[in-house]
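Notes follow the structure.
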Amino acid sequence: MIVDLDACCDLGRVRTNNEDMILVGDTLLRDRAFGARLTVEPAQGRLVVAVADGMGGAAAGERASEHAMTRLAALLRQAPADLDDDELTELLEIWATRTHVELLDQGIADPACRGMGTTAVGLLLRHGRAWRFHAGDSRLYRLRDGQLEQLTQDHVAPALHSGAATPKQLLANSLGGGDRSWLEVERLDGELRVGDRFLLSSDGLHDLIDAPTLQLALQADRETAVRTLVRLAHGAGGTDNISVLIVDIARAEQAAAGFAPAPN
0 MIVDLDACCD LGRVRTNNED MILVGDTLLR DRAFGARLTV EPAQGRLVVA
50 VADGMGGAAA GERASEHAMT RLAALLRQAP ADLDDDELTE LLEIWATRTH
100 VELLDQGIAD PACRGMGTTA VGLLLRHGRA WRFHAGDSRL YRLRDGQLEQ
150 LTQDHVAPAL HSGAATPKQL LANSLGGGDR SWLEVERLDG ELRVGDRFLL
200 SSDGLHDLID APTLQLALQA DRETAVRTLV RLAHGAGGTD NISVLIVDIA
250 RAEQAAAGFA PAPN
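So for the sequence shown, numbering that gives the first Met the number 0 puts the first residue at 0; every next one is plus one.
What follows is the structure, given as structure tokens:
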């Protein structure tokens, strides 16, 4: 399977520090753009891509998102290649549980890190299939046959009335940041298709840009689409850090084996 991707982890226009972190395989991205073509070997290869949006005082949010993404990359790198579906799901849940406890422990040990945590959203590609996982309000979308579908639902709770016309909802789940945490994991139905495009984003993008605008921007080539989405978020105020990761399935395993892609 051949995967093409472009990403940008951007400070935004208001924040003075970037608490977001993007993971591509073993590569961590913050305050920079990145593009690559990667091969996921049919027999044993797998690729994880993810976005984390940290929170906490001082530099705690930065530490939380980096810790979570570093832990995820290391755990998958060390795991056996022949895990079945249930074992793979369990591995991701183990990562989330351990990360949550470690972030809580760091907050206890260091008062400056008290309350630190991070959202996470990711896509794991293996054997022509994909698993999605997330905790919090970072999102995963799929563009297929020109139609954009949101594949994750935000883990949020209604905000207390603050007098604002549209009060922002409260984050109800994260790794660290609170006593309760969970990871939602699901294998996507069916095989990956050549031409599938995935968007992973922090709320610094999708809180400011509506779905029709996202869909329109994603019609462009990847690099242009990433630049356009970041520019649109800046134009809408850039009030938070902005992470954009676009992943294209350039060749699926069925196509590589001589099968035609699914019809439009």
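Here a beta-carbon is modelled for each residue, glycine too, at the ideal position from N, C-alpha and C.
I'd like the list of long-range same chain contacts for residue i, defined as Cβ closer than 6 Å, with 5 residues on each side in sequence excluded.
i	result
SER137	VAL50, ASP52, THR118, VAL120 and SER201
CYS7	ALA32, VAL225, VAL229 and VAL243
ALA259	Note that ALA259 scores 35 on pLDDT, short of 50, meaning its location in the model is unreliable; the coordinates nonetheless yield the value given after this. Contacts found: none.
LEU75	VAL47
ASN17	LEU10, ARG29, ASP30 and ASN240
GLN149	TYR140
ALA256	Residue confidence is low: ALA256 scores 46 on pLDDT, short of 50, so the model does not pin down where it sits. No coordinate-derived value is stated.
LEU198	TYR140 and ILE245
ASP3	ARG36, ASP247 and ALA249
Taking the alpha carbon of residue i as the point to measure from, which residue in the options has its own alpha carbon closest?
i	options	result
CYS112	GLY194, PHE33, ALA171 and GLY175	GLY175
ASP84	TRP130, ALA73, THR212 and LEU46	TRP130
VAL13	SER173, VAL246, THR238 and ASP247	THR238
ILE248	LEU22, GLU101 and ARG221	ARG221
THR178	LEU102, GLY60 and LEU74	In the sequence on display, residue 178 carries Asp and not Thr. Considering only alpha carbons, the answer is LEU102.
LEU170	ARG76, GLY145 and GLY135	GLY135
LEU124	GLY44, MET115 and GLY60	GLY44
PRO110	VAL100, ASP30, GLY55 and PRO157	GLY55
ILE290	GLY236, GLY106 and GLN168	Since the displayed the chain opens at 0 and closes at 263, residue 290 lies outside it and no answer follows.
LEU204	ALA58, GLY234 and ASN172	GLY234
Taking Cβ to Cβ, would you say residue i is nearer than 9 Å to residue j?
i	j	result
MET20	ARG250	no
VAL48	LEU122	yes
ARG192	LEU142	no
ALA232	ILE241	yes
GLU190	GLY127	yes
LEU213	LEU139	no
HIS99	GLY116	yes
GLN218	GLY106	no
Given residue i, which residues of its chain have a CB within under 8 Å of its CB, disregarding the five upstream and five downstream residues?
i	result
GLY24	LEU37, LEU46, VAL47, VAL48 and ALA72
LEU22	LEU28, VAL47, VAL48, ALA49, VAL50, ALA51, MET68, LEU71, ALA72 and GLY121
Using 8 Å for Cβ pairs, my map puts residue i next to residue j. What's the rounded Cβ distance?
i	j	result
HIS133	GLU89	About 17 Å; that fails the 8 Å criterion.
ALA210	THR227	Contact flag wrong, Cβ pair sits at about 15 Å.
ASP5	GLY34	4 Å
Does the beta carbon of residue i sit closer than 9 Å to a beta carbon anywhere in chain C?
i	result
ALA67	No chain C appears in the structure shown, which is made up of a single protein chain.
In chain order, what residues of the same chain lie with their CB nearer than 7 Å to the CB of residue i, ignoring the 5 residues before and after it?
i	result
ALA59	ALA111, CYS112 and MET115
LYS167	ALA158
TRP181	ALA134 and ASN172
ALA78	LEU90
ALA261	Any answer about ALA261 is weak, because its pLDDT of 37 lies below 50 and its placement is not dependable; what the coordinates show is given next. Answer for ALA261: ARG192, listed in chain order.
Subject >> At least 3 beta-carbon pairs within less than 8 Å: the stretch 138 to 156 vs the stretch 61 to 78 >> reply: No: fewer than three Cβ pairs fall under 8 Å.
Original post:
Quick check: the stretch 30 to 41 against the stretch 92 to 101, are there 3 or more CB pairs under 8 Å?
Top reply: These segments do not touch.
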